[in-house]
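In our numbering, the protein residues as written are 62 to 493.
Positions of the beta carbon are idealized from the N, C-alpha and C atoms, including for glycine.
No experiment lies behind these values; they were computed from the predicted model shown.
Structure first, then comments.
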């Protein structure tokens, strides 16, 4: 029988206990289990020191990547996930607003006190099937509350990213933010800029691909995190767009049926900032995408898809009236399902989109040789026909492709003749 992640996590705890140590599951895996969710990963907390953990499990089966913080990664047989085994610890000062300067080893109760939220401060003994709760986490799980452990201001002063994590947990689980915790976030929100762009982006990805993304966005607004997350430039645009645009954007995001970060971001901005009635939506799409990509250090693929979605959706809005080659090029893009999912979400505010989406979906069912036929002419064909290579190739090939899709040319020879005529006419226009 193949070993599971849970089974391996039990084995790790059992091996530590049999060696005379205390060991529990800790953090998110305990929370998820108590919420009836399947944990993705398991973490173990113990009073064994990092060196004792390595000695017990073997140096070939352990990685000391986080040893300076008391964390050793224990490797299991494939395909189970590795398990982080952390020594009970208390943290020193957080000079960088993210990581402790130093740690000291301690007992389980003191370890629980240094964690972020009560629902993440629980331990579980998988051998005796009992919860160890030093922070009231079980009560907050039952009541649906996200509450910082101890002094909220101190927890957020230690690690600014916890402010975003509080919002994400509240939205994901549809819990409410404890009043003192929410107030501490509001007061410290501007200091989120101490957190690296990559960390902020990682939290935003997790929020925006989740079905409760609209709740997360509203909580960002209520906790004063919207401007620190998106930047003052975007926040000022939000104020200009007004409450109606914001509400419509949140409604669209809640209807979006796509676990795609670029799609969720595009869906948000199309309605949020689209209500400004800009005369240059394509330019705005580029500006917004580049702003976020720079601010969050996004991958080029994320930036490009976001921009394409925001600049392309108006074509879907009038797809039946648009030239077929224009629509066809959109329909054969790999991102077309994301675009149609976004347009479906937008249709709640724009009912006219529904018929256009249905028309596009009908076209997507066309045979591939009709929807996306092989191009009749390539760049090599143009070169062989005596047309010198250059930037004009792109325009010539697009002209031939349009003629092919419209049925004006149906074979290579006709396509090459069209290319030669286009190149000759272009030369005449230039005075060559």
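Look up residue i in the DSSP assignment and say whether it is helix, strand or coil.
i: residue 144; result: strand
i: residue 103; result: coil
i: residue 338; result: Confidence is the limiting factor: at residue 338 the pLDDT is only 47, short of 50, which leaves the residue's position unreliable, though a coordinate-based value still follows. Residue 338: coil per DSSP, three-state reduction.
i: residue 286; result: coil
i: residue 491; result: Because the pLDDT of residue 491 is 46, which lies under 50, any placement of that residue in the model is unreliable, and the question is left without a value.
i: residue 469; result: coil
i: residue 70; result: helix
i: residue 82; result: coil
i: residue 408; result: coil
i: residue 384; result: coil
i: residue 275; result: helix
i: residue 415; result: helix
i: residue 109; result: coil
i: residue 346; result: helix
i: residue 65; result: coil
i: residue 76; result: helix
i: residue 171; result: helix
i: residue 401; result: helix
Provide the residue span of the beta strand (DSSP E) that contains residue i, from first to last.
i: residue 184; result: 183-186
Could you spell out where the alpha helix (DSSP H) holding residue i opens and where it closes?
i: residue 520; result: As displayed, the chain neither begins before 62 nor continues past 493, which places residue 520 out of reach and without an answer.
i: residue 309; result: 304-316
i: residue 363; result: 361-378
i: residue 327; result: 322-333
Tell me, please, which residues DSSP counts as bridged to residue i.
i: residue 135; result: 123 and 144
i: residue 152; result: 164
i: residue 87; result: 104 and 184
i: residue 178; result: 209
Just mark residue i as buried or exposed, buried being the case when its beta carbon has 16 or more other beta carbons within 10 Å.
i: residue 456; result: exposed
i: residue 467; result: exposed
i: residue 426; result: exposed
i: residue 251; result: exposed
i: residue 480; result: buried
i: residue 337; result: Model confidence at residue 337 stands at a pLDDT of 44, short of 50, so the residue's coordinates are unreliable; what they give is reported in the following sentence. The residue is exposed, with fewer than 16 neighbouring Cβ atoms inside 10 Å.
i: residue 387; result: exposed
i: residue 320; result: exposed
i: residue 332; result: buried
i: residue 259; result: exposed
i: residue 198; result: buried
i: residue 46; result: There is no way to answer for residue 46, as the model of the chain reaches only from 62 to 493.
Taking Cβ positions only, does residue i come closer than 9 Å to chain C?
i: residue 406; result: Annotation note: the requested chain C is absent from the structure, which comprises a single protein chain.
#### Entry: Inside the stretch 230-272 only - alpha helix (DSSP H) runs reaching at least 4 residues
240-249 and 258-269
### Query
Residue ranges of each beta strand (DSSP E) run of no fewer than 3 residues wholly in the stretch 425-478, ordered along the chain?
none
### Task
Would you mind listing the alpha helix (DSSP H) stretches within the stretch 185-234 that are 4+ residues and don't spill past its ends, in chain order?
198-204, 213-219 and 222-234
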